[in-house]
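Enquirer:
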Amino acid sequence: AAIESTGDDVMTFTLVALNRGRLMDGTRLISEKNWNRWAVPNLLPGGKLTKDLVHWEGASASWKNFNIGHGKEKLMQQHGDYGWNYFGATFDNSKEIGWCGFFSSCLRVSYENQLAFVMMQQDFTDLKGSK
11 AAIESTGDDV MTFTLVALNR GRLMDGTRLI SEKNWNRWAV PNLLPGGKLT
61 KDLVHWEGAS ASWKNFNIGH GKEKLMQQHG DYGWNYFGAT FDNSKEIGWC
111 GFFSSCLRVS YENQLAFVMM QQDFTDLKGS K
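In our numbering, the protein residues as written are 11 to 141.
Here is the structure:
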């Protein structure tokens, strides 16, 4: 099974995020209280950022550092100055949230600036037999 979305779908979703759970016509999909609880704050343990959760002990495998074939580096390439919540990533002390999906379709919302944007690309490189 797959989910298929259009640019309009993603923009609608982004505006719901900007409006903290409300459609542009005023229809409330989720209470603002719940939106602010699960989609805005960093919910990682202790408010850590993803960069704080990636700590390499060394390149060889041991009980303390099970890192066969440099697997940690390959699995945890995306880390930095952001946290996570049930919506996606949270940035700058929860002043911004964002999400990226398959084919690098991304959205970002700035509550401080009341600004939202969507980035999408059309990519045919994953068509069957294209590789």
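Glycine included, each C-beta is placed from N, C-alpha and C at the ideal position.
Would DSSP call residue 32 helix, strand or coil?
Expert: Looking at residue 32 - three-state DSSP - the assignment turns out to be strand.
Enquirer: Residue 106 bridges to which residues according to DSSP?
Expert: Paired residue(s): 101, 120.
Enquirer: Excluding the 5 residues preceding and the 5 following residue 48 in the sequence, name in chain order all residues of the same chain whose CB lies nearer than 8 Å to its CB.
Expert: Correct list, in chain order: 95, 96, 97.
Enquirer: Which residues in the same chain as residue 42 place their Cβ atom closer than 8 Å to its Cβ, once the five residues preceding and following it in sequence are excluded?
Expert: 30, 31, 32.
Enquirer: Classify residue 24: buried if its beta carbon has 16 or more other beta carbons within 10 angstroms, exposed otherwise.
Expert: That one is buried.
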